Each structure stands twice: as structure tokens, then as C-alpha cells.
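Colleague: The structure under discussion is supplied below as C-alpha cells; questions concerning it will follow.
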Amino acid sequence: MSSVESFISPIIVGLMTGGIYGLASLGLNMMFGTLRIINIAHGAIMMLALYFNYWLYTLYDVDPLIGAFIVSLIFFPLGIVLYQTLISPFRKLRPVDQELFPVVTTLGLSLVAESLALTFWTADPRMVSVPYLQTGVKVAFLYISAGRLIVFAVAITGYLLIYLFLKYTYTGLAIRAFIQNPTATALMGVDVKKPPLIASGIGVMITAFGAALLTPLISIDPRVGGQFLLLTFVVVTLGGLGSVLGAAVGGLLIGVLESFTVHYYQAMAFPALMVVIFLMILAIRPTGLFGRFKA
Amino acid sequence: MLKVSNVSKKFGRLQALKDVSFSVSKSEVIGIIGPNGAGKTTLFNVIAGTLHPDSGKIWFEDKLINGLSPHSICKLGIARTYQVVRPLPTLDVLGNVLVGCLFGGRGDVDIAEARCEAEDILRFIGLYDKREESVGNLNINQLRLLELARALATKPKLLLLDETLAGLNPREVNGMLKIIERVRKQQDVTIIMIEHVMRAIMSISDRVIVLHQGEKIAEGSPASIAADSRVIEAYLGEKYVA
Amino acid sequence: MNTLRILTRLFTIVIVAALSISPFLMESRVVHLIFLCFIYIILAQSMNIASIAGAVNLGVHGMFGLGAYIFALALPYNIPFPISLLLSGFGSVVFLLPFLLLLKLRGAYLAIATLTLPLLISSVILLMPEQTGGARGLFVPSVPEPHLTSYYVALVAVLILQLALDRLFRSKYKYALDAIFDDVEVASSLGIPVFKYRCLFFSISVFFASFAGGILTLTLRYIDVATVFNTDDLGIATAAMIFGGVRTVWGPLIGAVLFTVVVEQLRASFMYIHTAILGLLMILLVLFMRGGLLNTISVLRSKIKHMKVKT
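Same order as they appear, the protein sequences are chains Z, W and B.
Start counting the first sequence at 1031; every next residue gets the next number (my numbering).
Start counting the second sequence at 498; every next residue gets the next number (my numbering).
Start counting the third sequence at 2; every next residue gets the next number (my numbering).
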């Protein structure tokens, strides 16, 4: 029984973490779908969201789960500002430059964020341990930490909300239309300055939400930004650019993969493995599993 | 000289080219017409190597060329112009043509030699006095001429002209047609032209091929094409067929 | 030859001569600073070389680290250090050959892909502790007169780079590179083998970035992953290149000298602030002075020329 257990357990843990990864990657996916830009500051945003939630808990005793909602509300306008300052100025350039320059500005932003975090918060890793989240819950024959379960449930809810938003609200429809064809959308009477703005805000918001949910589960230090960047990019590329389902599937797959690597090999090998997967996907099937845009 | 055999190309669910076949002999001028979206530019892209066909073969001078990269096809002697002009903004007029002289065509050329060639081409085309202008200062006629000059710089045996007359007024159209005639005669270049300007195609082509929704629906002399009921139906709809 | 050319040549010769004898005239702190400038010039130029052909290389710090490790690993085998240095350059190119496939990607995706390379390389090094010392690091065997040798090797490397770039920009290949920069499809249809150019220039970029890593390691007794795989270096090289002017001969050099000096001053006082400033600078530069110093100057000059012609 225990060998099956030791096989199933990493899968479950992986799926749970993967669900959150998917959520965080969804933000990246949305930004890419509407803005066609690669946001290198994505990892830095996640890192900042983590710290925000950490400080909310440490200084003001806010439960991390509630904190996640607060953080996401704060990050929504930040996402809009990000778009306005670092991405929209390049709208008028030719497509090649339009894609490339935001890479530089977001790279700059990530450097600023990481170095300021290192300066003010030091490189010492921090952890949040919330008692009620540490307790184990027995599900079938496995012990899973309550934290993971609850966080996973919240993540799924977030996912559903986003899905419903995109599908059934006017703004969501406008965003989806914009992703498919900006010109046609403009002709339909939609103010085309709005969808990318809102998508950027929502994208950053979801990212921050996903990251904040991870607060009780992982150790926090400024360098996690880089690791998250790689992770979310792999998830998005694997799942496919522009696909909500892809982000979910990709997230789950990567979560399980991470779990297995840590369990059966060593944690240090995981970044290398992800780079290999990332490059392989780019080389072999740039659209990913469900994607609509080619790299 | 060029043989296109059962070429098909699909973009997702859109069948851009379906089983297209035709041949072009040396020194001919072939016109390609068809309603918008018929697949004409896609055909050019496939011949020039920018796109690879899903199926079918293309021979140029008895050599199989589908699947080759655009630069190899250029070296073999096929040059093209674009439906929407694409001048190289970093370079001036002479520079644009110079690139073609330096790297197109066959053999290695040094800058001095290439510069002479480029200037000769510009004189031939009539853009010599504008040679130091930046491309942003040219009007559409000059830009089209430049595009043609640049293609000629690669010493092509086959020239693919994609709507070279689009955007030109009647006087400019006549001017361009005269130059194309001179190119064909003096430089012995085989030409395939995509055009919407009917009188141009009809006056200059030896043969006309008609594409509609990716398929070749007619081929023949300009006169026979003009009278072909299928062609009329494709352009104007059924009830106009006399 | 006109007077300007002659003057510039004279000026350059004077500078080079001064640099050549400075190890014997100036205090070692200054010489070390100059040496660091050389290293960052090489890094910035290696990014520049890749960018010239449209092959963005955001992984130079990874190649730097790889070169450092190859050099440190080759020395104990009694391979004389000049060969080891060359090995560090060529070795990286060989190791990274399979990744040349990535050059088929569009600019932004290539940028991201190259950004992940340092992580891959450093992880592999960490995962092979018996061969590479892993997290413990590697001791570097000593070389006679390390600081003097590395100084001159770096100086020569910079000279070679600048001369080569200057020649390149005056050659017919500059036209091909401009065409590739403007419109890849058109360049291809004009007979330019774009992918081959990208591979070539990217390989040269890799070579020099790793070579720089090897040169630096000459002066060190000990290296480990944390010291030689540093995003800091990427920040400095990128900022230097952008500030000085991408796709120019002298831009990255000017930028590298400026930033090396500034960063060294800041590094003493604040631990990480300099990276934040570099990041901020990158953002501001790309927003307001996109071409960098030299490009903006040349654009202004041609605008002034245009105005003069009109009046």
C-alpha cells in the first residue's frame, strides 16, 4: 500500500500546486493574448504579490487567503499602469519592434523589483505558517495539508470566475474579440484602447492572486521571481498561448512534474528540466498543446 | 521554365490553393487574375519559397524547388515584388537596389562593381536622380519602380510581379507597362504578373490564368479568357454570363 | 583620407598606447577598473554582435559563466592558458550548437529563450558536482602574472572587436545586416541567407561572451556558480548596449565604460541598488532615447543636414 501511496501522493500534491500555477500563468496568457507582448516582469509581479501578502499577515495579522483577495485588488490598477507606461508607448511601431521593446522594459522592471526587494527585504527566506492550514486532512488513504486543499479550491473558484467573466460579460466578450481580431472589434464599436488595458489589469490581478495563494505553501525570497518566470512561461508555452484551458492543463502537468522531480530526484534539477522542456516546445511545437498563436 | 504541379496550401481551415497546375515557358508573359482571396499572392509565396506547399511540386528549369529557402530560390533566378511595397527604410534608394546586386544573382560581387550595376538599373528604371533619397520621400509610383528595380538587381530569369500597377494613375500605369516590356525584351526575363487592371493584363500577356477560391478555373489567351463564362461568373456572378 | 579620419586614427593610437602602458604607471585599483571596463565592453559588444543580425542574446551572462568554468576546468590538465582561453570561447559555441535552432524564432521569443539558457547551464553545473565542484565551487590553478596577462589579453580582445566591427560596418555585409534588420522576408528574397547570418553572428556573440568569462577567471583563485552566473552582468551589458546605441560600432563601448565606472562606485556603497538603477535606466532609455546615444546623435545630425539643405 505504501508504494502506491508514495506514487499517488506526489501526483496529488503536484495537481494541487499545479492548479495554482495554472492560475498564475493564466494572467501571463491573457496578457499575451491581448497585448502580444512577453512580460518578463511576470515573475517579479508574483514575487511582489507574495511579499505583499506576507507583510499583510506578519504586520496586520491578515489571513493569507483573505490577503490574496486584497493583494489582487491592489494589483489590478498596477497592471493597468504597467501597460500604460511600459507597453502601450510601443503600439505604433512595426510588429517586430512592438514585441521586442516591451521585453527590454519589462526586463528592466524585473531587475528594479528584484534588486529593491533584495535591498529592503534582504535575501533571507521567509515563511508563513498558519496553524489551521498546516493540519492534515485525510482524503481516502492520503494525508493532505488543509492548506493545499483550501488554496486549491480557491484557485479553482478563481479560474471559474475568470472563465465566466470572459464568456458572459460584455467586457469579457470584448477582450476575447480583441484577441481574435482587433480591427474587427474596433469596427464593432468597441473602444479598442480598453480591452488591452483591462486585460492587462486583469492579467496582473490574476497573477497576483495566484501568487498570493502560494504564500502559506512556499518559502519566500526575492529570487523566486526568476523561478516563477521560468515556470509560468513553461506552463503557458506548454499549454499554448492564448488558451485558457491550456494554462490550466499546462499548470497541472508542470505541478505534477515538479512534484515528481522533487520526490524522486532532486529539487535542483527542476529548473534545468523546465528549461529543456521550454526550449523543446519552442523548437518542436511552438503553439503548445492548445495554443492558437505560433511563437 | 517553371512548372507548377498540383500545388495545394491550407491555412487552418482555409484552403488557399487547391491542386493548382500550370507551366510557363521562357520569355512568356503570363497574367494571373482572379477575385480577391483567390490565392494569387499565396501562389507567389509558394513559388518564391516564403511558404512551402502542403502538397504538389514546383520545378524551375528542371530543378525541384518547393521546400527550398527563399534565398536559394533567389539565387536560382526567381525574383518577386510585393503587393504592398516593402522598401527597406534603413537604406536609401541606391542602397535598396545595391542589396539586390550584392547578394542576389549569382557569384560574389564587390561593392564597387555592385554599385555600378545598381546605378545602371536605376538609370534604366528612371530613378537615378533619386538615388540618394530616403524611401520615405518617394511616392507610390517611385516606390513601385524601386521595388521592380530591386527585383531586377538580383538578375532574375523569372520575375513575379504582384499587383505592380495597384495605386497608379493611368499615365503611371502606361509608364510601368512600358518598363515591363523593356525588361522583358532587353533583359530576356520571363514574367508572371498578378493584376487587377484588366486592360494591362490583356494587352501585355501572352497567356492568362484565372484563379478563384484557390483553384485554377481557366487558362488561355486574353481574348478567350475575357469571353469565358466561368471567369465572368467568378467576377460578376451568375446572372452576368451573357 | 580626410583630416577627420586622420585625427580619429591618431587619437585612437594615442589611447591604445596609453592603455598599453598604464599597468606600469597607474595604481592597481585604477588598472583593475580599466580591466573591468574591458570585460564589460566585450560583454556589451557580444550582445551587440548578436543584435546586429537580429539574434537577440539575453543569455550572455550564462555564456560568461560557461566560459569561466571551461577555462577553470581546462587549466588543471596542463593546457597552456592561451589555449584554455580559446577553448573557453570555442567550447561554449560547441556546447550551444544545438540551441542555434532557436534562432528560427521571432525576436521576442528568442529573447526569452536565451534568457533561460544561463539557468540551464548553471543548473547542469550544479548537478555534476564531481566534474565541476557543484555548489562548492572550483579552485583555479594559478597562472604566472595573472593580472598583467589578463589585462593585455582583454585589451587585445577589445581592439580586435572594435577593428572587426569597424571593418564589418564598412563592408558589403552591412547592407545585408541592414536588410535583415528592416525586413527579414525581403532580405531573404534578395538572396541573403538570414538563418545562416543569425547563426554566425550568434556564435561569435557566444564566443566573445565566454571568452570574457575565461579572461576574468584568469585573475581569480576560485569560482562558483553564484559569482560567474550573475544577472547583474546581463543588466550592465544590456544597459551599456542600449545606452550607447544598438547596432553601432562604438556605442556599446562607450556605454560599457560609463556603466562599469558608475556601477563600481555604487557597488561599494549600496549592495543591490545599482541593479535597480540599471533597470530603471533601461526602461527610460527604451522609452525616450530608443536608439541610444550614438543613434540619436546620428538621427539628429541627418535631421540638421536635411534642414540645411532645405534652407
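Yeah, the Cβ is synthetic: ideal placement off N, Cα and C, and Gly gets one too.
Bear in mind that the values here come from a model prediction, so they are computed numbers and not experimental data.
Which bits of chain B does Gly601(W) rub up against, with CB to CB less than 7 Å?
Modeller: Result: Leu191 and Gly192.
Colleague: Would you mind reading off the limits of the beta strand (DSSP E) that contains Val521(W)?
Modeller: Unbroken beta strand (DSSP E) run through Val521(W): Leu511 to Val521.
Colleague: Thinking C-alpha only, which one of Leu1146(Z), Leu1191(Z) and Gly1276(Z) is nearest Leu1058(Z)?
Modeller: Checking every option, the nearest Cα to that of Leu1058(Z) belongs to Gly1276(Z).
Colleague: Under 8 Å between beta-carbons, which chain Z residues line up against Ala114(B)? List them in chain order, please.
Modeller: Residues of chain Z passing the Cβ test: Phe1308, Leu1309 and Leu1312.
Colleague: Quick check on Arg30(B): does DSSP put it in helix, strand or coil?
Modeller: DSSP places Arg30(B) in helix when its eight states are reduced to three.
Colleague: Along the segment 161-173 of chain B, where does the CB come closer than 7 Å to a CB of chain W? Name the residues.
Modeller: Within the segment 161-173 of chain B, the qualifying residues are Lys173.
Colleague: Given Gly664(W), which residues of its chain have a CB within under 7 Å of its CB, disregarding the five upstream and five downstream residues?
Modeller: These residues qualify, in order along the chain: Ile637.
Colleague: For Ala158(B) and Gly574(W), what's the separation of their Cα atoms in angstroms?
Modeller: Between Ala158(B) and Gly574(W), the C-alpha separation is close to 41 Å.
Colleague: Going straight from the alpha carbon of Ser93(B) to that of Gly214(B), what length do you get?
Modeller: For Ser93(B) and Gly214(B), the distance between alpha carbons rounds to 11 Å.
Colleague: Do the segment 712-728 of chain W and the segment 504-524 of chain W make contact, defined as three or more Cβ pairs closer than 8 Å?
Modeller: The segment 712-728 of chain W, when compared against the segment 504-524 of chain W, does touch it at the 8 Å Cβ threshold.
Colleague: In chain order, what residues of the same chain have a beta carbon less than 6 Å from the beta carbon of Leu649(W), not counting five sequence neighbours either side?
Modeller: Only Ile618 meet the Cβ criterion.
Colleague: Check whether the Cβ of Thr1317(Z) lies closer than 7 Å to any Cβ atom in chain B.
Modeller: Chain B contact via Cβ: absent.
Colleague: Do Leu499(W) and Val521(W) come within 7 Å of each other at the CB atom, strictly closer than that value?
Modeller: Yes, they are a contact pair.
Colleague: Which one of Val670(W), Leu708(W) and Ala724(W) has the shortest CA to CA distance from Ile701(W)?
Modeller: Out of Val670(W), Leu708(W) and Ala724(W), Val670(W) has the C-alpha closest to the C-alpha of Ile701(W).
Colleague: Shortest alpha-carbon distance to Pro1040(Z) belongs to which of Leu1139(Z), Ser1175(Z), Arg1066(Z) and Asn1211(Z)?
Modeller: Residue Ser1175(Z) is the option with its Cα nearest to Pro1040(Z).
Colleague: Taking DSSP's pairing of strands, which residues face Glu712(W) in a bridge?
Modeller: In the DSSP output, where bridge partners are listed per residue, Glu712(W) has His709(W).
Colleague: Can we say the segment 625-639 of chain W touches the segment 572-588 of chain W, given the rule of at least three CB pairs closer than 8 Å?
Modeller: As far as the Cβ criterion goes, the segment 625-639 of chain W touches the segment 572-588 of chain W, which means the pair count is three or higher.
Colleague: Please confirm whether Met1046(Z) has its beta-carbon closer than 7 Å to some beta-carbon of chain B.
Modeller: Output row for Met1046(Z): interface = no.
Colleague: Does Tyr41(B) get closer than 7 Å to chain W when you measure Cβ to Cβ?
Modeller: By this cut-off, Tyr41(B) is not an interface position.
Colleague: For Ala1229(Z), name the three-state secondary structure that DSSP assigns.
Modeller: Reduced to three states, the DSSP call for Ala1229(Z) is helix.
Colleague: Please determine if the segment 1062-1079 of chain Z and the segment 1140-1152 of chain Z are in contact, where contact requires at least 3 C-beta pairs separated by less than 8 Å.
Modeller: Taking 8 Å as the limit for Cβ pairs, the verdict is that the segment 1140-1152 of chain Z does touch the segment 1062-1079 of chain Z.
Colleague: Please state whether DSSP places Gly1048(Z) in a helix, a strand or coil.
Modeller: Gly1048(Z) falls in the helix class under three-state DSSP.
Colleague: Determine which residues share a DSSP beta bridge with Thr687(W) and list them.
Modeller: Paired residue(s): Leu655(W).
Colleague: Quick one: using the 10 Å Cβ neighbour count with 16 as the cut-off for buried, is Glu131(B) buried or exposed?
Modeller: Flag for Glu131(B) reads exposed.
Colleague: Once you ignore the five residues that flank Pro653(W) on each side, which residues in its own chain have a CB closer than 7 Å to its CB?
Modeller: Taken in chain order, the residues that qualify are Gly574, Ile575, Ala576 and Val686.
Colleague: Whole angstroms is fine: what's the gap from Ala1302(Z)'s alpha carbon to Ile1038(Z)'s?
Modeller: Approximately 24 Å, taken between the alpha carbons.
Colleague: State yes or no: is the C-beta of Ile529(W) within less than 7 Å of the C-beta of Gly546(W)?
Modeller: The answer is no: Cβ separation not under 7 Å.
Colleague: Which residues in chain B have a C-beta closer than 8 Å to the C-beta of Leu1027(Z)? List them in chain order.
Modeller: This structure cannot settle anything about residue 1027(Z), because the visible part of chain Z is limited to 1031 through 1325.
Colleague: Counting only beta-carbon atoms, is Leu1141(Z) nearer than 7 Å to chain B?
Modeller: Yes, because at least one Cβ of chain B sits closer than 7 Å to the Cβ of Leu1141(Z).
Colleague: Examine chain B for any beta-carbon lying closer than 7 Å to the beta-carbon of Phe1082(Z), and answer yes or no.
Modeller: With 7 Å as the cut-off, Phe1082(Z) does not count as an interface residue toward chain B.
Colleague: Residues of chain W with a CB under 8 Å from the CB of Ala54(B): which are they?
Modeller: What Ala54(B) touches in chain W: nothing, since even the nearest Cβ is about 14 Å away.
Colleague: Does any C-beta atom of chain B lie closer than 7 Å to the C-beta of Lys652(W)?
Modeller: It does not; no Cβ of chain B falls within 7 Å.
Colleague: Have a look at Pro1246(Z) and Tyr1087(Z) and give me their C-alpha separation to the nearest angstrom.
Modeller: So the alpha carbons of these two residues sit roughly 10 Å apart.
Colleague: Flag this pair as yes or no: are the beta carbons of Leu1148(Z) and Tyr273(B) separated by less than 7 Å?
Modeller: Against a cut-off of 7 Å, the Cβ pair of Tyr273(B) and Leu1148(Z) comes out as a contact.
Colleague: Would you mind working out which of Gly1280(Z), Gly1255(Z), Phe1239(Z) and Gly1231(Z) sits nearest Phe1308(Z), comparing C-alpha positions?
Modeller: Considering only alpha carbons, the answer is Gly1280(Z).
Colleague: Are Val582(W) and Glu644(W) closer than 7 Å when you measure CB to CB?
Modeller: Contact flag set, yes.
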